[in-house]
Amino acid sequence: MSIYRNTCRFLIALFALSTSATAQEIDEIIVYGDLRESEIEDVPTSVTVLDEALIRQRNASHFEEMVAAAANLNLSNGASRARFFQIRGVGERGQFTEPLNPSVGLLVDGVDFSGIGGISTLFDVEQIEVFRGPQGTLYGANALAGLISLRSHAPQHEASGRFRLEAGDYGVRSLGAAYGGSLSESVAFRTSLASYAGDGYIHNTHLGTHDTNGLDELTWRGKLRIDLSDNASLDVNLGFVDLHNGYDTFSLDNDRRTRSDQPGADLQESLFGSLRLEVASELFDTEFSIASAKSDTEYGYDEDWTYDGFHPWGYSSTDQYNRDRDTLTAEIRLTSSEAGSLFDGRGDWVAGLYMLRQQVDLLRVYTYADSDFASSFEIQRLAAYGRIESDLSERGRLTLGLRLESHESDYSDTADLAYNPDENLVGARIAYDYALSENWFGYASLSHGYKAGGFNLDGSLDESLRQYDAEFLNNYEVGIKGQLPDTGLRMRLAVFRMDRDDVQIDSSTTLLRADGSSEFIGFIGNAAEGVNQGVEAELDWSPGERVQIMGSLGLLNSEYENYINGNGEDLGGREQAHAPGYQYHLAANIGLLENLGLSLTLEGRDAFFFSDSHDARSRAYDLFHASLTWDWRDFSFSLWGRNLTDEDYFVRGFFFGNDPRDGYVGHRYTQLGEPRRVGLTVSREF
């Protein structure tokens, strides 16, 4: 409890300091991921923007290290990096052989990486946007729960660059450089290259090494901005990410000491690019974009977590999933100009067509399989969408949005299973926002989202569990946003309720093999209904030149209705998995001297269920981070520490029997988050 007492004392002293300070001007926050670029106060939905200053304050190298700063956003690890995210308790937690329709969309510079979030490295990323609630009009089937968009620095004609060098315990070393400027009067560029490596936090006692869960990551980005004429421009974006990480996380003793003789791997190579052409005309602006990504991934692990000879009842098994994923998207969007607006200049509109084509080929190599398993899965989505925003009065504005989407898939595998379902889905949104004063406005909205159905593949499953239906979600939300310029305060508050119908639930069951070991089978099924409701609050406060306070709070209540899981248990009324009841983040930046600053961060999360197939839970935790930054000439030196109290907390969990010492009795097994870490970062802006 000393952390809380000291933090409270600090905030009281901070408040006393701020009362005599002059409030700072509030910076404008632009949201780029919506259909039309807008200030954050003008977007009638719950959205969080995490800027580059906050990324640097937290010394974050990957998006998983920023998740706690956004209310009601959670992650699921189960690998070297978090691949899956949950917004308001909705989202996948893992993937094995089954095809995946993500509930949370992930865009990296406009390129779709939904379901493979390991690519979310952060060097030279300008801001992260988190849209909560169904984005059926904005992005369709992959955004039932929300959308996450990472945006790296855009090219500018003014020359600028950055250099960053980092070293820390657990073998952490990182190097990054970015530079941009003008190639000609009409062409600007930006490029960056970054590497990150570390040993991880695992000691493999059998192999006598500390790097079997290590990280080795390389990211390159390149951008061009070409002004074709006074009314037309072309953006070119290229990137490459190579993640060569280990995967040796789970221990029979639930600690950071493993015994694996065949440690796993978590690899990803992604080459991606996009083109965006913008042409302005008198009545509307036309934007045409095309994006492509090719990703090769390998995910594998030592299933028994031990070595041959560990126990007379032991077994030895590895499981490996190799996927080749090719994604192509194309979109044409028309956005009204001032002259092209409707209703005598009171109605702004957006209309567009969208296409996604994705091919995923899987090869599974598994010890207990008679032969290697291979599958081919192709998805095609075609959508037409539109949105109109009309001023009903000087203060009131009505927004109507609609998206019509055709979803087709084609699946086949070496087990002679084949499916080719198709669905027509509809997303919609209606919102009304009202200017309460010059600096404050409120809104109310209703949005309808959807997620396509699918199928389960494991050969041991009963036929009745093979296919599952589409899921639908209605989101009811009211909120208020605004600022007090004289005090340097900006606030946002949203209250929501999400009604889920035919909820797609990732469940599991365990079968006993002939040798006494357990076969863990995951599958997806539909529950009758689900309810997710809660509150999201955020504030940014700059009461003085040397003081800045940021905070967020997410409250969430979730439950299933009329749901029987894979083990025959009635989970009606139970909290949904990976849906913590609260989550908070509080950070303060203090200028101790003109060139010396201190940053303090306190964050926490409530306990939550790991899965809907068992009762294993995480536990509530609170983490404390700090950094001390000294600016000297053009250099910045930051001494930082994360999880300074060395709190044990969990980022993934399962329940099954895997320990031969007790006859394979079922246990909760957990993956631990990072322990206490310290390091030094040196950077230079030029």
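Residue numbers (the working numbering): -8 to 677.
Beta carbons: idealized from backbone N, C-alpha and C, even for Gly.
- Ala70: which of Val58, Ala61, Arg84, Ala60 sits nearest, CA to CA? Of the listed residues, the one whose Cα sits closest to Ala70 is Arg84.
- Can you tell me whether Trp623 is buried or exposed, with buried defined as 16 or more other CB within 10 angstroms of its CB? Trp623 comes out exposed.
- Message: What residue range does the beta strand (DSSP E) around Ala694 cover?
- Response: Outside the shown range of the chain, which is -8 to 677, sits residue 694, and nothing can be said about it.
- Between Asn92 and Lys442, which are expected to be in contact by the criterion C-beta below 8 Å, what is the C-beta distance as a whole number of angstroms? Rounded, the Cβ-Cβ distance is 6 Å, consistent with contact.
- Inter-residue Cα distance where the pair is Glu468 and His302: Each residue's alpha carbon lies about 56 Å from the other.
- Item | Which of helix, strand or coil DSSP assigns to Asp477 | Note: Asp477 maps to coil in three-state DSSP.
- Message: Less than 6 Å between C-beta atoms, sequence neighbours within five positions excluded: which residues of the same chain meet that for Phe463?
- Response: Same-chain partners within the cutoff: Tyr441, Asp492.
- Identify the residues that DSSP records as bridge partners of Thr288: which are they? Bridge partners of Thr288: Gln259, Arg314.
- Give me whichever residues DSSP pairs with Val40 in a beta bridge. Per the DSSP secondary-structure output, Val40 pairs in a beta bridge with Glu120.
- Query: For the beta strand (DSSP E) that contains Ala435, what are its first and last residues?
  - Reply: 431 to 442 is the extent of the beta strand (DSSP E) around Ala435.
- Message: Quick test of your reading: Ala185 and Gly167, contact by CB under 8 Å. State the CB separation rounded to the nearest angstrom.
- Response: Yes, Ala185 and Gly167 are in contact; Cβ-Cβ is about 3 Å, under 8 Å.
- Task: Have a look at Ser498 and Gly96 and give me their C-alpha separation to the nearest angstrom.
- Result: Distance between the alpha carbons of Ser498 and Gly96 is about 21 Å.
- What separation, rounded to the nearest whole angstrom, lies between the Cα atoms of Ile370 and Asp317? So the alpha carbons of these two residues sit roughly 10 Å apart.
- Query: In its own chain, which residues sit with a C-beta less than 6 Å from the C-beta of Ala59, not counting the 5 before and 5 after it?
  - Reply: His576, Glu594.
- Euclidean distance between Cα positions of Leu129 and Leu583: Annotation: Leu129 to Leu583 spans about 44 Å, alpha carbon to alpha carbon.
- Query: So, is Ser11 buried or exposed, given that buried needs 16 or more other C-beta atoms within 10 angstroms?
  - Reply: For Ser11, the predicted structure reports a pLDDT of 42, less than 50, and the residue's modelled location is therefore unreliable. A value from the coordinates is still provided. Exposed is the call here.
- Since I believe Ser403 is in contact with Ala409 (beta carbons under 8 Å), could you give me their beta-carbon distance rounded to a whole number of angstroms? Approximately 5 Å separates the beta-carbon atoms of Ala409 and Ser403; this is inside 8 Å, confirming the contact.
- Query: Looking only at C-alpha atoms, which of Leu391, Gly377, Tyr376 sits nearest to Leu383?
  - Reply: Minimum Cα distance to Leu383 is reached at Leu391.
- Task: Rank Leu587, Asp531, Asp603 by C-alpha distance to the C-alpha of Glu764 and give the top, closest one.
- Result: The structure shown has nothing for residue 764, since the chain only spans -8 to 677.
- Query: What are the partner residues of Ile540, as DSSP defines its beta bridges?
  - Reply: DSSP lists Trp532, Ala579 as partners of Ile540.
- So what does DSSP say about Asp703, is it helix, strand or coil? Since the first residue of the chain shown is -8 and the last is 677, residue 703 is not available in this structure.
- Task: For the beta strand (DSSP E) containing Gln349, list its first residue and its last residue.
- Result: Looking at the DSSP string, the run of the beta strand (DSSP E) that includes Gln349 is 338 to 357.
- Message: Counting C-beta neighbours from all protein chains within 10 Å, is the total for Tyr290 16 or more, i.e. buried, or is it exposed?
- Response: Buried, by the Cβ-count rule.
- Within the chosen definition, does the stretch 662 to 673 reach the stretch 631 to 651 through at least 3 CB pairs nearer than 8 Å? Touching, yes, given that three or more Cβ pairs across the two stretches are closer than 8 Å.
- Task: Measure the beta-carbon distance from Arg153 to Ala169 and round it to whole angstroms, keeping in mind my assumption that it falls under 8 Å.
- Result: Contact flag correct, Cβ pair sits at about 5 Å.
- Message: To the nearest angstrom, how far is the alpha carbon of Ile379 from that of Leu135?
- Response: Answer to the nearest angstrom: the Cα atoms are 21 Å apart.
- Query: Near Arg608, what residues of its chain come up, given a Cβ to Cβ distance below 6 Å and the 5 sequence neighbours on each side ignored?
  - Reply: Excluding residues within five positions, the ones whose Cβ falls inside 6 Å are Ala598, Phe600.
- Item | Status (buried if at least 16 other CB within 10 Å, exposed otherwise) for Glu536 | Glu536 is classed as exposed because its beta carbon has fewer than 16 other beta carbons within 10 Å across all chains shown.
- Measure the CB-CB distance between Thr636 and Gln48 and report whether it falls below 9 Å. No, the Cβ-Cβ distance between Thr636 and Gln48 is not below 9 Å.
- Message: Using only the alpha-carbon positions, how far apart do Glu676 and Leu209 sit?
- Response: Their backbone Cα atoms lie some 21 Å apart in a straight line.
- Do Tyr523 and Met489 have their CB atoms nearer than 9 Å? In the sequence on display, residue 523 carries Asn and not Tyr. The criterion of a C-beta distance shorter than 9 Å is satisfied by Asn523 and Met489.
- Item | Residues bridged to Asp548 [DSSP beta-bridge criterion] | In the sequence under discussion, the amino acid at residue 548 is Asn, which differs from the Asp named in the question. Partner(s): Gln524.
- Write down every uninterrupted run of the beta strand (DSSP E) in the stretch 625 to 654 whose length is 3 residues or greater and which is fully enclosed by it, in chain order. Runs found: 626 to 633, 641 to 647.
- Query: Which of the three DSSP states, helix, strand or coil, is assigned to Ala12?
  - Reply: Since pLDDT at Ala12 reaches only 45, below the 50 mark, its modelled position is unreliable, and no value is offered.
- Segment contact, 8 Å Cβ cut-off, at least three pairs: the stretch 611 to 628 with the stretch 642 to 656: The stretch 611 to 628 vs the stretch 642 to 656: no contact.
- Would you mind working out which of Thr200, Ser265, Asp226, Val227 sits nearest Gln253, comparing C-alpha positions? With distances taken between CA atoms, Gln253 lies nearest to Thr200 out of Thr200, Ser265, Asp226, Val227.
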